[in-house]
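Novice:
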Amino acid sequence: MDYPKESSIILPLAIVITLSSFVQSLPEGIKSFDIFSEITTDPRATSLFATDFGNLSKSTPGAVFYPSSPNDIATVIRYSYTSPKPFTISQRGAGHSTNGQTFVPDGVLIDMSALGRNHVDCRITVTNGPIPYVDAGGEQLWIDVLNATLKHGLMPRVLIDYLYATVGGTLSNAGISGRAFWHGPQISNVYELDVITGTGETLTCSREMKADLFYAALGGLGQFGVITRARIALEPAQKRARWVRLFYTDVELLMSDQEKLISMENNVPVFDFVEGIIICSVPQISAIRGSYNFSDSDIAKLTKLVAENNGPVYLIDAVAYYDDTTAPSLDQNINILLEELHYLPGFEFRTDLPLLNFLNRLYYIQLKQTPLGLWYVPHPWLDLFVPKSKVLEFDSRIFKSILNGSTTAGTILIFPMNRTKWDDEMSAVTPNEEVFYVISLLWSAVANDSNSLVDLNNKVFSICEDYSLGCKQYLPHFTNQEEWQKQFGNKWTRFVSRKKKYDPKAILSPGQNIFTPLE
Ligand code: FAD
């Protein structure tokens, strides 16, 4: 079946517009009780949501809905679900998707941020007991969640590298970073959710209660409902971050050292956070400068290394979080560990900064890039999970071949994760091996035409497919169901049956292009 044509949503939108102008004439207090006053088709409003962080395509929503409570969201979804001509609805968090995942051309876009407006205090509640947690609205930004928890000396166990995405937006994917090797992705650190399903029903779910909805929604790409609250695991907050950078020219040594650092054999690893970066050419050094305070002589040394090396240069970012009690033994522990690693002699760098500055490091880059017009350029990104056994082949077919010497602006990430920290019941998809690598091509189309970078990404993914590298896309983007089926593999049947149960008319999050809405 096709998406509803424009005419099929004229009825509800016509009602909306009529009611909207009607309620506008009513006194303020009454207006706030009427959800229809929260919906607009005004192009000045809808055009603000016509693109996303990827800035690769445009699609204006039919209407924008500014809910003032979760109940309002339930009302609109129920309205669509029970209508003879249902309309599609997209829950948009901070719009940091890169491929139109929040687009809803013929339907209603929920601006989730409206829920949190003036409600930050009551929509983030910290409980500091034996098992500390925070209840956060799905619309809340991670930076606000972090700031609220820090007031109690606590922090979420896993944050992503950029804190201006929403709780609902990252939990709909997985939420990964150099911290996930230890505690798993963000979705592995959730105790409970409130979800408004595609029938407009509000359900609380957890591993013990309505578990199939809980597992479906985590990594569920917005397909099963709107997450309006998440109960998230916390841990004691540390004060500072000791950030070590180690350089390599041999990918096998990089991998064996990264895997040593993420090994949970000793239960409490020295480093709390382990990521990595690939540098293909001298111009790409600028990507590693942004968040790390290298001296000019360090940069000169690195420039020489990259220029003279016949192939990519790799680095490990290893960060230890600490406070006053752990500070005295920190350097000794780091030194002992570094002696066992195989980085290039003389290519170890250390810096130290307040933990919040480390966690929020991308924001400082955003602050620098925005006035230069570099932050909102198109971002053709390709994020892959590559099985450990195929990383060397990936490296030789991609980094030592089609990306050899590439000067494209952006950051290329490479770091391993432990699959045991992921829960297979959840919708998120990983390769089948115990250790798999995140390899992310995070291009910024500064000098390049964005289409050529999209083509490049397609070529990289085709190579993965042609040589059966067993890669899975993270933050996936596909345009037909056959590709989605391949991405989900043996999780597909369950994904479809959960969709039929929780969003039977396929109303929600149509921008993912997985299902076709039913009338
Ligand atoms: P949106 O783009 O608004 O929405 C994404 C999807 O989630 C849509 O399908 C939408 O319908 C759905 N959705 C949104 N809110 C809800 C909700 N409340 N309930 C149900 N579904 C919902 N990701 C990582 O894992 N690790 C990183 O380190 C990382 N770094 C990033 C750095 C930058 C600069 C950027 C731009 C992105 C980064 N991402 C990272 C990706 C980011 O986590 C995802 O794009 C995420 O979806 C963004 O959240 P959002 O609130 O902007 O979601």
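Mind the numbering: the sequence shown is residues -25 to -1, 1 to 494 in mature numbering (1 follows the signal peptide of the UniProt record, and there is no 0), read in order. Yeah, the Cβ is synthetic: ideal placement off N, Cα and C, and Gly gets one too. If you're wondering where the values come from, they're calculated on a predicted model, not measured in any experiment.
#1: Using the C-alpha atoms, what's the distance from Gly153 back to Asp398?
#2: Between the C-alpha atoms of Val142 and Leu416, what's the straight-line distance to the nearest angstrom?
#3: Any chance the CB of Gln66 is under 8 Å from a heavy atom of the ligand FAD?
#4: Specify, as a first and last residue, the run of the alpha helix (DSSP H) that Thr124 falls within.
#5: Any heavy atom of the ligand FAD within a distance shorter than 8 Å of the CB on Ser272?
#6: Fully enclosed by the segment 242 to 316, which beta strand (DSSP E) runs are 3 residues long or longer?
#7: Give the DSSP-derived three-state secondary structure of Lys474 in the structure shown.
#8: At 3 residues or longer, what runs of the beta strand (DSSP E) sit wholly inside the segment 345 to 372?
#9: Does the contact criterion of 3 or more C-beta pairs under 8 Å hold for the segment 422 to 437 versus the segment 341 to 357?
#10: How is the alpha helix (DSSP H) around Ile162 delimited, first residue to last?
#11: At a threshold of 8 Å, does Asn310 count as lining the ligand FAD (C-beta to nearest heavy atom)?
#12: For Ala422, which residues from the same chain have a beta carbon less than 7 Å from its beta carbon, with the 5 sequence-adjacent residues on both sides left out?
#13: Sort out for me which residues DSSP pairs Lys447 with in a bridge.
#14: Can you tell me which of the three DSSP states Gly37 falls into?
#15: From Gln76 to Gly486, what distance separates their C-alpha atoms?
#16: Please list the terminal residues of the continuous alpha helix (DSSP H) segment that includes Val79.
#17: Where do the ends of the beta strand (DSSP E) carrying Ala69 lie?
#18: Pair every Cβ in the segment 333 to 341 with every Cβ in the segment 231 to 247, then say whether three or more of these pairs are closer than 8 Å.
#19: Specify the secondary structure class of Ile387 as computed by DSSP and reduced to three states.
#20: Quick check on Ile237 - is its C-beta less than 9 Å from some C-beta in chain D?
#21: Who pairs with Pro45 in a beta bridge, going by DSSP?
#22: Which term fits Ser484, buried or exposed, when burial requires 16 or more other beta carbons within 10 angstroms of its beta carbon?
#23: Is the CB-CB distance between Thr145 and Pro45 below 9 Å?
#24: Less than 8 Å between the CB atoms is what I'm expecting for Ala212 and Leu125, so what's the real figure, rounded?
#25: Given that a residue counts as buried once 16 or more other Cβ atoms are within 10 Å of its Cβ, and exposed if not, what is Glu314?
#26: Measuring only from the beta carbon, is Glu176 closer than 8 Å to any heavy atom that is part of the ligand FAD?
#27: Going by C-alpha distance, which of Asp370, Phe246 and Phe269 is nearest Val288?
#28: If you run the structure through DSSP and keep just helix, strand and coil, what is Ala216?
#29: Check whether the segment 27 to 45 touches the segment 62 to 70, taking contact to mean three or more Cβ pairs, one atom from each stretch, closer than 8 Å.
#30: What does Asn393 pair with, by DSSP beta-bridge criteria?
#31: What does a CB cutoff of less than 7 Å around Thr386 pick up in its chain, not counting 5 residues either side in sequence?
#32: Assign Cys97 to buried or exposed, taking buried as 16 or more other Cβ atoms, counted over all protein chains shown, within 10 Å of its Cβ.
#33: Under three-state DSSP, which class holds Arg53?
Specialist: From the atom records:
#1: Approximately 18 Å, taken between the alpha carbons.
#2: 24 Å
#3: Yes, the ligand FAD has a heavy atom inside 8 Å of this Cβ.
#4: Trp117 to Leu125
#5: no
#6: 248 to 254 and 288 to 297
#7: helix
#8: 356 to 362
#9: yes
#10: Where Ile162 is concerned, there is no enclosing alpha helix (DSSP H), given that its DSSP letter is neither H nor E.
#11: Taking the Cβ of Asn310 as the reference point, every heavy atom of the ligand FAD lies at 8 Å or farther away.
#12: Ala384
#13: Phe360
#14: coil
#15: 4 Å
#16: It is not in any alpha helix (DSSP H) - Val79 carries neither H nor E in the DSSP assignment.
#17: No beta strand (DSSP E) contains Ala69, which DSSP labels as neither H nor E.
#18: no
#19: DSSP places Ile387 in the strand class (E or B) of the three-state scheme.
#20: This model lacks chain D altogether; it includes just one protein chain.
#21: Its beta-bridge partners do not exist; DSSP assigns none.
#22: So Ser484 ends up on the buried side.
#23: no
#24: 6 Å
#25: Exposed.
#26: Glu176 Cβ: outside cutoff for every heavy atom of the ligand FAD.
#27: Asp370
#28: strand
#29: Touching, yes.
#30: Val410
#31: Ile252, Ala262 and Leu417
#32: exposed
#33: Of the three classes helix, strand and coil, the one that applies to Arg53 here is helix, per DSSP.
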